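Heads up, the sequence shown is in numbering that gives the first Met the number 0, so the first residue is 0 and it goes up one at a time. Where a beta carbon is used, it is the ideal one built from N, C-alpha and C, also for glycine. Treat the numbers as computed from the prediction; the structure is a model and nothing was measured.
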Amino acid sequence: MSDKRVRVRFAPSPTGGLHLGGVRTALFNYLFAKKHNGDFILRIEDTDQTRFVEGAEQYIIDCLNWCGITPDESPVTPGQYAPYRQSERKSLYRQYAEQLVMQGHAYYAFDTAEELDKNRKEIPNFQYGQVYRDGLRNSLSLPQHEVDQLLADHTPHVIRIKIPADQSVSFTDMIRGRVSFETNTVDDKVLLKADGMPTYHLAVVVDDYLMKISHAFRGEEWLPSAPVHLLLWEYLGWKADMPQWAHLPLILKPDGHGKLSKRDGARLGFPVFALDWEGSPGFSGMGFLPEAFVNFLATLGWNDGSGQEIYTLEELVGKFSIDRISKAGAKFDFEKAKWFNAEWIKKTKAESLKLKVKEVLTAKGIDVKDDTYLLTIIDLIKDRCTLLPDFYQQASYFFQIPAEYDLNAVKPKWTDEKTTFFNTFIDQLKAAPTLIAADTEANFKALAEEKGLKTGDVMLPFRIMLVGGKFGPHVFDIAALLGKDETVNRIEQALVAFTA
Ligand code: GLU
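Right, dumping it as structure tokens:
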């Protein structure tokens with residue numbers, strides 16, 4: 000790698016919620032920058048005012064913060080290359096477009112929207128480019144005096160790049176290797192719009208140059224734009240400073256057929272956004288930990304070859320390498336995402352989960368008064384939780400008596416012997432000073448044997464008495480946490496329901 004400072008940019012357009020593919024692009028930019036002690040920049044590409052969505056920029060910033068990949072420079076934390084919103088850089092771009100016109104690499108085009116629409120309707124596969132441009136209204140086809148007059152009259156016009164005929168343009172992509180394009184297939188893209196705003200193509204090149212971007216990671220869907228950008232870098236005389244490109248593999252639908260879209264989430268019932276967006280639950284809203292989400296995203300198209308799957312962000316920074324990014328698309332697998340979350344919940348200390356679990360419980364009306372009690376509970380149940388809301392199902396019975404019992408699991412096999420067993424067990428519990436898990440378990444088993452019952456036959460009912468169903472950690476650990484009085488109370492109440 001050259002000794003140029005590593006500066007990468009994530010350059011989303013604020014046109015809606017940030018899709019998880021966008022977050023992965025941001026992540027790979029971040030990992031690469033941090034691995035090489037470089038800068039990670041957020042640039043908002045808002046030149047298309049017609050697609051601008053209120054709140055989208057803040058949402059992007061919130062997503063990056065939630066993921067822990069906060070930019071070093073951004074519209075809200077500007078560095079020396081400010082501003083970081085392209086709309087605020089508007090006045091910068093025209094000079095470059097005009098320079099290209101002067102050099103013969105671009106031209107003014109005066110065609111109206113109606114004229115262009117007509118062409119699109121009448122000419123199959125119409126492209127504004129070398130085949131048709133001479134017959135259209137632009138500074139290449141019209142006499143100079145007419146062009147001068149149109150400009151003097153402030154006739155609305157755009158500036159288009161003049162794509163050369165019969166050339167092959169190529170570059171070396173860090174993931175794909177040598178990539179070539181024939182210019183005959185590329186149209187004369189608009190560089191500067193009639194309102195004076197640059198298009199994405201001009202702005203991305205000018206800003207990558209001015210912001211001294213060294214490497215650019217972006218989605219594979221931008222590969223077709225690369226020849227236009229390459230020519231611009233060349234024509235503007237900046238080729239030696241062009242960033243190294245890496246076009247990331249697509250994230251595919253779960254069945255592998257086609258690119259994952261925002262609509263697939265609603266259709267197949269999984270999130271496609273990091274945070275909630277306009278009524279669609281994001282990974283955060285569904286109860287994912289940001290560490291798990293980031294870990295999952297990193298494995299969509301990348302692995303370090305060792306078989307390791309669980310990484311912290313710091314580990315990812317250390318292990319990340321471009322030569323381990325695959326060229327092939329990565330299938331989105333929601334079950335795998337959940338697996339990552341379960342692993343991360345297991346791995347995370349109770350203290351770090353506490354606030355999130357409290358939020359889950361409070362939302363369900365449970366008032367957690369004792370943090371130490373909550374921490375013990377979290378430690379006891381976290382291995383059973385996949386998503387954060389699971390903490391409610393797994394923890395609620397520690398705070399409130401079960402609202403209902405799985406009667407089908409006990410009633411059909413209930414006997415008077417079992418009633419006697421539990422009444423004797425209550426007496427034993429009451430007689431003991433406190434409820435200690437191991438002692439209670441030993442007494443419970445001995446009593447079952449004495450009464451001629453199999454331990455299993457009374458163990459399941461005991462669990463259902465305490466938690467309501469066939470779930471939860473070791474039942475004597477639950478009883479110990481509930482304490483003697485509450486355990487006795489629950490057995491008594493459940494006996495009424497079981498024998499009714
Ligand atoms: N503004 C483009 C987007 O919305 C950025 C593409 C690029 O990184 O060049 O994704």
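Not one heavy atom of the ligand GLU falls within 7 Å of the beta-carbon of V185.
Between the stretch 228-240 and the stretch 151-168 there are three or more inter-stretch CB-CB distances shorter than 8 Å, so the stretches are counted as touching. When rounded, the separation of the alpha-carbon atoms in K252 and L481 is 46 Å.
A straight-line Cα-Cα distance of about 39 Å links D378 and G15. Inclusion of G67 and L312 in the CB contact set at 8 Å is warranted, their separation being smaller than that value.
The beta carbons of L387 and G257 sit no closer together than 8 Å.
Annotated three-state conformation of D38 is strand, per DSSP. Bridge pairing for Y107: I158 [DSSP]. When Cβ pairs closer than 8 Å are counted between the two stretches, the stretch 349-365 is seen to touch the stretch 392-404, the count reaching three or more.
With contacts defined by Cβ atoms closer than 8 Å, A402 and L459 do not form a contacting pair. Ranked by how close their Cα comes to the Cα of L494, the residues F216, W221, T423 and S90 have T423 in first place.
In the DSSP assignment, G471 falls outside any alpha helix (DSSP H), carrying neither H nor E. Taking C-beta separations shorter than 6 Å and ignoring five residues to either side along the sequence, the partners of I490 in its chain run F421, I425 and M464, following chain order. With respect to the 8 Å criterion, I59 and L115 are not classified as neighbours on the basis of their beta carbons. In chain order, D303 place their CB closer than 6 Å to the CB of K318, counting only its own chain and leaving out the 5 sequence neighbours on each side.
In the DSSP assignment, R132 falls outside any beta strand (DSSP E), carrying neither H nor E. By the CB criterion at 8 Å, H156 and A108 fall inside the cutoff.
In the three-state scheme derived from DSSP, where H, G and I count as helix and E and B as strand, P197 is classed as strand. Taken from the Cβ of R88, every heavy atom of the ligand GLU lies 7 Å or farther away. If you draw a straight line from the Cα of N137 to the Cα of R119, it comes to about 17 Å. For the ligand GLU, a non-hydrogen atom lies closer than 7 Å to the CB of V203.
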